[in-house]
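Report on the following structure.
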Amino acid sequence: MNTKDVQETLQTDARDRLNADANSELRTGDLAISSLCQQCVSDPRQSVLNLLMITKPVLDSVNVSVSGKFDDLR
Numbered sequence: 886m887n888t889k890d891v892q893e894t895l896q897t898d899a900r901d902r903l904n905a906d907a908n909s910e911l912r913t914g915d916l917a918i919s920s921l922c923q924q925c926v927s928d929p930r931q932s933v934l935n936l937l938m939i940t941k942p943v944l945d946s947v948n949v950s951v952s953g954k955f956d957d958l959r
């Protein structure tokens, strides 16, 4: 194997690991949303509040400013 082959292999391995991590996080998110959807049937108001509480940190993590927007819903 030459240097270029080694570099391509390392890049492919790193990309595969990142994709696996992202897919794992998506599955975890899907499970959380699925659980919230099941709760909607029994208590829609609480489920919406729970969804907002989960969504707010995600939005904050991508630098979307939502501070104070949901305080009046509590």
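The numbering used here applies: residue 886 is where the sequence shown begins, and numbers increase by one. From the three backbone atoms N, C-alpha and C, an ideal C-beta is built for every residue, glycine too.
- For N887, the three-state secondary structure derived from DSSP is coil.
- The criterion of a C-beta distance shorter than 9 Å is not satisfied by A905 and I939.
- N935 has its alpha-carbon roughly 11 Å from the corresponding atom of S920.
- For D898, the three-state secondary structure derived from DSSP is helix.
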